[in-house]
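Enquirer: Just passing along the structure, written as structure tokens.
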Amino acid sequence: MLELSDVLEARERVEAVARHTPLDYSHTFSDITGAKVHLKLETFQRTGSFKIRGASNRIATLSPAEKEAGVVTASAGNHAQGVALAATRNGVDSKIVMPEYAPISKVKATRAYGAEVVLHGADYDEAAEKAHEIEREEGRCYVHAFDDETVMAGQGTIGLEIYDDLPEVETVVVGIGGGGLIAGIATALKAKNPDIRVIGVQAEGASSVAQSLEKGSVQELDSVDTIADGIATRSVGQQTFEVIQERVDEVVTVSDSEIAVALISLLERGKTLVEGAGAVPLAALLSEKFDYEEGEVIVPALCGGNIDLNVLTTVIMRGLVETGRYLKIRTVLKDRPGALERLIEVIAAEKANIYAIQHDRTSRDLAMNAAEVEIDLETRGHDHVAEVLAALEQNDYEVDVLI
252 MLELSDVLEA RERVEAVARH TPLDYSHTFS DITGAKVHLK LETFQRTGSF
302 KIRGASNRIA TLSPAEKEAG VVTASAGNHA QGVALAATRN GVDSKIVMPE
352 YAPISKVKAT RAYGAEVVLH GADYDEAAEK AHEIEREEGR CYVHAFDDET
402 VMAGQGTIGL EIYDDLPEVE TVVVGIGGGG LIAGIATALK AKNPDIRVIG
452 VQAEGASSVA QSLEKGSVQE LDSVDTIADG IATRSVGQQT FEVIQERVDE
502 VVTVSDSEIA VALISLLERG KTLVEGAGAV PLAALLSEKF DYEEGEVIVP
552 ALCGGNIDLN VLTTVIMRGL VETGRYLKIR TVLKDRPGAL ERLIEVIAAE
602 KANIYAIQHD RTSRDLAMNA AEVEIDLETR GHDHVAEVLA ALEQNDYEVD
652 VLI
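Each position in the sequence shown, counted from 1, maps to that position plus 251 in the working numbering.
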């Protein structure tokens, strides 16, 4: 099993490539939670995520023959970029299989780092099948995204940095996809101080670890569905699972809505952009998915910031809806002069700001003397939403809440 000595050796190989990323005390999230929250900003890492650490360690340990043959891997995007950059720096040819629906920003970045990208499959697991096919056909060395001790050791250098920068840390919260990140971090931290608590977090739509822990063996999901594409794996790795069983104190799950709220909170209050997978540790803390003491020193590890702009737009909108700051409604008006103006007056009296209005009198579902109106509103929270809807009801408007 992975040991501290492996992580210490990895640090010597990784430090020439990977940055020692900041550990930033957050007054905002400390005030919200009552804990002393320090954010591990791996979002500032080269390639935008922690994956460069494990990839660099694995590429550095390849034999001359393996380097000559080239490498292949599968990735939803972050491991792809890490392998591409590490391989290019070492003069190794790399071919990377990514899901067909991988964020275009991650595909472009991977190619820019020097890799040949093959798009295949609906998710990471189908991409991995294709990558193994290429491994057999072309004789390349497969660089696993997580279930490899050298990769896990590289990721574990984050744990060393956290402990070096904040030896009084009490709890570290880490996202889990395949488990390489948390396996490495837990190994480093538990060796430094066994009392440090390590909490793992998965997205509800990709929560293989909870089932695996319950049954005592690795369980594979039929499918995954989450906005956190970086941790959207059907199963945890066999080697990583063994480390999780022994060294991770608790594993919890968060919903996509909770991830979205954490992401926009980081954007708005923390001035920090993360991807969905990077937001899950803070989402678990903000949603009180695990117990902690007042003033407890907690480090959510924000593992990546490579979010596609189209996904970001969707996530921001989801977050605004969840926090009561965006409302979309539909109602039917009499098709007569002044009807729309009177509706707007009711909304304006409640001080809700109008983003957009769609006015349609041609729908076949309407009476000939009616018009359907959809309105997008900026609101100030759930109480304000309730006030707006109550005012409309009091003025005899029948309203459907669309979002």
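Glycine included, C-beta positions come from ideal geometry on N, C-alpha and C.
Per DSSP, which residues does Q453 bridge with? Please list them.
Expert: Q453 pairs with T504.
Enquirer: Grouping DSSP H, G and I as helix and E and B as strand, with all else coil, what is N604?
Expert: Correct three-state label for N604: strand.
Enquirer: Do R430 and G521 have their C-beta atoms closer together than 8 Å?
Expert: Checking the displayed sequence, the identity of residue 430 turns out to be Gly instead of Arg. Not a contact, by the Cβ cut-off of 8 Å.
Enquirer: Cα separation between T298 and S463?
Expert: About 31 Å.
Enquirer: Does DSSP put H330 in a helix, in a strand, or in coil?
Expert: Three-state DSSP puts H330 in a helix.
Enquirer: Output the distance between the C-alpha atoms of V265 and S307, rounded to the nearest integer angstrom.
Expert: Each residue's alpha carbon lies about 6 Å from the other.
Enquirer: Give me whichever residues DSSP pairs with L584 in a beta bridge.
Expert: Paired residues: A622.
Enquirer: Closer than 8 Å is the cut-off here; do at least three beta carbon pairs connect the region 510-519 with the region 427-444?
Expert: Touching, no.
Enquirer: Please list the segments of the alpha helix (DSSP H) lying wholly inside the region 344-410, counting only runs of 4 or more residues, in order along the chain.
Expert: Entirely contained in the region 344-410, the alpha helix (DSSP H) runs reaching 4 residues are, in chain order, 355-363, 375-389.
Enquirer: If we require 3 or more residues per run, which beta strand (DSSP E) segments fall completely within the region 405-448?
Expert: For the region 405-448, whole beta strand (DSSP E) runs of length 3 or above, ordered along the chain, are 422-426.
Enquirer: When DSSP labels each residue in this structure, what does H278 get in the three-state scheme?
Expert: Here H278 sits in helix by DSSP.
Enquirer: Within its chain, find whatever has a CB closer than 6 Å to the CB of V503; leave out the 5 residues flanking it on each side and keep chain order.
Expert: Cβ neighbours of V503 beyond the five flanking positions: V452, A535, K540, F541.
Enquirer: Measure from the alpha carbon of T582 to the alpha carbon of each residue in T574, R593, G575, then state which is nearest.
Expert: Considering only alpha carbons, the answer is R593.
Enquirer: Less than 6 Å between C-beta atoms, sequence neighbours within five positions excluded: which residues of the same chain meet that for A366?
Expert: Counting only Cβ-Cβ distances below 6 Å, and skipping sequence neighbours, we find A335, S345, I347.
Enquirer: Please report the distance separating the alpha-carbon of V707 from that of E629.
Expert: Since the first residue shown for the chain is 252 and the last is 654, residue 707 is missing from the structure and cannot be characterised.
Enquirer: Where E384 and A479 are concerned, what is the direct C-alpha to C-alpha distance, given to the nearest angstrom?
Expert: Each residue's alpha carbon lies about 27 Å from the other.
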